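Chains as they are written, first to last, in this note's numbering: chain A, 1 to 485; chain B, 1001 to 1485. Ideal Cβ positions, reconstructed from N, Cα and C, are used throughout, including at glycine. Predicted model only: the values in this text are computed from it and were never measured.
2 protein chains.
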Amino acid sequence: MIEMVAEAPLPSKEKNFGEWLDGVLQKAELVDIRYNVKGFIVYRPNAMFMVKRVYEIFEGLLMKKGHSPALFPLVIPISNFRKESEHIKGFEGEVFKIDEAGGERLEEELILRPTSETAIYPTFALWVRSYKDLPMKIFQSVSVYRHETKATRPLLRGREFLWIEAHCVFADEQGARNQVEDDMMITKKAFHELGLPFLMVEREPYDRFFGAVDSYAFDTLLPDGRVLQVATTHYLGQNFSNPDVFDIKFADKDGSRKNVHQTCYGPGISRIVAAIIGIHGDGYGLVLPFGVAPLQIVIIPIPKAGKEDMIMGKSRDVFRRLSRSGFRVKLDDSDERPGEKYYRWEMLGVPIRIEIGEDEVKGNIVTIFRRDVRSRERVDDDKIIKHVRELKTLVSEELGRRAWDRFNSAIVSVESRNELLEKRERSKIVRAPFCGRRECSDEIKAETGGLEARGRRIDIEEVPSGRCFWCGREASHIAYLAKAY
Amino acid sequence: MIEMVAEAPLPSKEKNFGEWLDGVLQKAELVDIRYNVKGFIVYRPNAMFMVKRVYEIFEGLLMKKGHSPALFPLVIPISNFRKESEHIKGFEGEVFKIDEAGGERLEEELILRPTSETAIYPTFALWVRSYKDLPMKIFQSVSVYRHETKATRPLLRGREFLWIEAHCVFADEQGARNQVEDDMMITKKAFHELGLPFLMVEREPYDRFFGAVDSYAFDTLLPDGRVLQVATTHYLGQNFSNPDVFDIKFADKDGSRKNVHQTCYGPGISRIVAAIIGIHGDGYGLVLPFGVAPLQIVIIPIPKAGKEDMIMGKSRDVFRRLSRSGFRVKLDDSDERPGEKYYRWEMLGVPIRIEIGEDEVKGNIVTIFRRDVRSRERVDDDKIIKHVRELKTLVSEELGRRAWDRFNSAIVSVESRNELLEKRERSKIVRAPFCGRRECSDEIKAETGGLEARGRRIDIEEVPSGRCFWCGREASHIAYLAKAY
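Okay, here's the thing in structure tokens:
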């Protein structure tokens, strides 16, 4: 094992995450923030390849679970949008409005979808007739539009962001509750593949999605100590399906007419890509899991005068073998110096680099550099494919393990205000007995510089002993608190 | 071979294409036209699966040719949009305008992309620095928005439609012209896979894309005798890159600064899906090529009292073998009668149906029904996979052959007005020597009930002998004329 020694081109992401992120977004040519509408960014090819892969992972999991793709219009008549009172209250301050088309004023204003309940559910009311039509499970992969008033940040908070929204309809509450569990399993599987750690929580009652009965969320943690909501799933009950809103009903087996129960689920693709970048990356740039890397292996010939043919011949041979084995591989035979190539492909996060020079030709070996641990090893020619296949798993495990270690060590339990003050420095996520009151949560946020109650864990049962760490009233549950994006 | 005898559930598409199309869109649950904004439709899962497959085909071909995916914002500041004078003239009567967001008037109005030249090219001006950056080839898969004043038709003409737009930048005209050829090859390959016939033409000069130097198009033919533009590619020259518009320039090898040459290319995904539906379908519903069929094979057990276990056992076994071989296959073991199942899966265009009953179990065979020719044949159990693989090719060839036969027989050559009048009935596409004048074209359109000059073929050289079939002036080329969507 030979360690690379070279100065990292990016600042420490632990010390200055903002600067690190801006640097990697630019140097790895991920997004362009110079588009001349505030809050809207350009996804460059390096980011868009990742976006597409993350979409494929989630869509594949959804389809395996019986969801079908659909596509509803971008524009929603304002009258649809105004049907559910909580929903409109939540989103009306953020919508983009179209008032003119083809040079003429529209009869009815249209909004750009901030989320599509009010576009989709009137159509569900037409589709659902009988219990035989249920469950109905669709998803769409689209951009949504919210005129955020908070400061926008590329990929983390934009006025146009990419997501999947899955919308499901059930005959009864149990069916819908089971779907919420399924959504959580899907998220867990995808996050496992991406090596991303998460807290799976039920949000506090005052922090639910507008129009939901219960809201569940996945929060991950970025290096600056702030959590990022990357997916949510909601039990909507009959809030949208009742006769006063969209009146989605079906004839049950006994002939009675019943209003359906609903769920919606939304993994945020832009934010998940941000999490992959922020959580796995280092001072040399991106570090990508095999699953999302646009390029999985790059082969760099190390030139040596008089040996060019041998070296290029072997490089091409290795390229062919890896391509045929189904890897996304590139042979970089450009005129740049190897060092320049190393720099670029490390910045782009290519998981494996294979170096082939005179020594490698003579010794019937290749030198393999792993981006995640930044170390080299020599591998016999006849073991390359097998070795790379093993690395595919090892790299995923290493990235997941490292990320979970950092995540878990950022969670600190406290029992009182004083303990919080003592431990505040190293506790990015605070675990504490909590009374569950909104007033208490608001006070905590104001006095701690932004700690928010993110909810209670749902994957394990945690019973509080004693009193709310903040106000001293009886604790109703163990809450997790963090600063959030 | 046993022919099915049953009344077709749809009218003849040759006699009444409009009614046939409305019928198949509804009965095959492809789109829902009841969304309450005119010109906007809902893509139901059966259509959306096809949309996704068609996208995959084109994206795969583009990436093989060195294009990379990107994504630019939906909204374009009106000032960007107004930069190129021809372009704005062409589209300003059709744009949707956003004037308000988050309850406040915007400082600058935004439009929804009707096409993205004016969103993308200002960014290209930032990205292109040196000859080393060229060629630059990106594409995006998005919806675009045009407030069409012509009557809208689902998939054929909507105010929101799905396409890919590829935008490329080159150092010189030759590079850009070669790209136009590449775009045509990509389209040909994709259309071949989809079994769709086409005319590849250079549009008449007065019929170019707004802002293009030269426009090339693919027209296919629907059963009502109207042609449908399904893809276009344009040589833009320096119309957008010149210093007065977006000033996209690069430092050449000799250090001189030059403005780039550009192309853009757009296969219309919604329209290509419409063409697949309209061209291959029949009175029983959709007929899909293997490549785009959401489901490629459906297995129907034919129940027989006392033999259920044997029949289901064999059905499951065949299902497993076909799944493992990579086919998209479903075993329909629902309680419906076989006839009902036949009806539904034929309507959905599943290319192959496998029927398994008592005879099939006893004879160690299966009965295979081909949707395209609607005929049955018996196949030995041990030859099923091999046979289905062969059918995959045969079905594609059959669909392509039939479609091309109809297409070619719809083209009729005429040399004079009189000959046109004589042959008008059977000539859906008219091939004729033409003067190339706009006035002549307008007169033809007015006097023939809509025949439009669609341009000259570019895949073969056709030299006109003599005079314009309509006005008698000297002919400049052989033109193709048709009524168009």
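8 Å Cβ cutoff met for residue i and residue j
i: M1347(B); j: K1027(B); result: yes
i: V1230(B); j: A1293(B); result: no
i: L451(A); j: L421(A); result: no
i: G39(A); j: T152(A); result: yes
i: A8(A); j: Y343(A); result: no
i: E1160(B); j: S1116(B); result: no
i: L1399(B); j: R1370(B); result: no
i: S1441(B); j: E1202(B); result: no
i: G1278(B); j: L1021(B); result: yes
i: F1091(B); j: L1112(B); result: no
i: P1154(B); j: L1010(B); result: no
i: G1103(B); j: G211(A); result: no
i: V180(A); j: T220(A); result: no
i: R1226(B); j: K1015(B); result: no
i: I1458(B); j: Y1235(B); result: no
i: A1403(B); j: T1263(B); result: no
Min CB distance residue i to chain B below 8 Å
i: A70(A); result: yes
i: I186(A); result: no
i: D133(A); result: no
i: S497(A); result: No answer is possible for residue 497(A): it lies beyond the span of chain A, which begins at 1 and ends at 485.
i: S143(A); result: yes
i: E202(A); result: no
i: L295(A); result: no
i: L126(A); result: yes
Closer than 8 Å to chain A by CB, residue i
i: H1192(B); result: no
i: H1539(B); result: A question about residue 1539(B) goes unanswered here, because the residues of chain B that appear run from 1001 up to 1485.
i: D1359(B); result: no
i: T1393(B); result: no
i: L1196(B); result: no
i: I1138(B); result: yes
i: D1247(B); result: no
i: E1165(B); result: no
i: T1123(B); result: yes
Own chain partners of residue i with C-beta closer than 6 Å, once the 5 adjacent residues on each side are dropped
i: I411(A); result: I429 and R431
i: F1191(B); result: F1198
i: D1133(B); result: none
i: E1109(B); result: I1078, K1097 and D1099
i: S315(A); result: I299, P301, L331 and I356
i: I1272(B); result: V1054 and V1230
DSSP-derived helix/strand/coil call for residue i
i: Q1174(B); result: helix
i: R1320(B); result: helix
i: G349(A); result: coil
i: S1012(B); result: coil
i: K428(A); result: coil
i: H387(A); result: helix
i: M1(A); result: Annotation note: pLDDT 40 at M1(A) (below 50); position unreliable, no value reported.
i: W20(A); result: helix
i: C1468(B); result: coil
i: E91(A); result: In the sequence under discussion, the amino acid at residue 91(A) is Phe, which differs from the Glu named in the question. In this structure, F91(A) counts as helix in the three-state DSSP scheme.
i: P243(A); result: coil
Own chain, CB closer than 7 Å to residue i, minus 5 neighbours either side, in chain order
i: A1125(B); result: F1246, D1247 and I1248
i: Y1043(B); result: V1031 and V1051
i: L74(A); result: L112 and R113
i: D1182(B); result: K1065
Chain-order list of residues whose beta-carbon lies under 8 Å from that of residue i (same chain, five-residue window excluded)
i: V1329(B); result: L1295, Q1296, I1297, V1298, I1299, F1319, L1322 and S1323
i: V1128(B); result: L1134, M1136, V1169, I1248, K1249, F1250 and V1260
i: M312(A); result: P301 and D333
Under 8 Å from the C-beta of residue i: neighbouring residues of chain E
i: R438(A); result: Among the chains of the structure shown, chain E does not appear; the protein chains present are A and B.
Counting only Cβ-Cβ distances shorter than 7 Å, please list the residues of the stretch 101-116 of chain A near chain B, keeping chain order. Cβ contacts with chain B: A101, G102, G103 and L110.
Can you pull out the residues from the stretch 1315-1347 of chain B whose beta carbon lies closer than 8 Å to at least one beta carbon of chain A? Under the 8 Å Cβ criterion, the stretch 1315-1347 of chain B contributes no residue.
Residues in the stretch 1037-1057 of chain B with C-beta within 8 Å of chain A's C-beta atoms, listed in sequence order? Considering only beta carbons, the part of the stretch 1037-1057 of chain B lying closer than 8 Å to chain A consists of V1037, F1040, I1041, V1042, Y1043, R1044, P1045, M1048, F1049, V1051 and K1052, in chain order.
Closer than 9 Å, Cβ to any Cβ of chain A: which residues of the stretch 1073-1102 of chain B, in chain order? So the list reads P1073, L1074, V1075, I1076, P1077, S1079, N1080, E1092, G1093, E1094, V1095, F1096, K1097, I1098, D1099, E1100, A1101 and G1102, given in the order they occur along the chain.
Going along the chain, which residues of the stretch 1261-1275 of chain B sit with their C-beta nearer than 7 Å to a C-beta in chain A? Within the stretch 1261-1275 of chain B, no residue qualifies.
Between the stretch 1025-1036 of chain B and chain A, which residues of the former have CB atoms less than 7 Å from a CB of the latter, in chain order? Hits within the stretch, in order: D1032, R1034, Y1035 and N1036.
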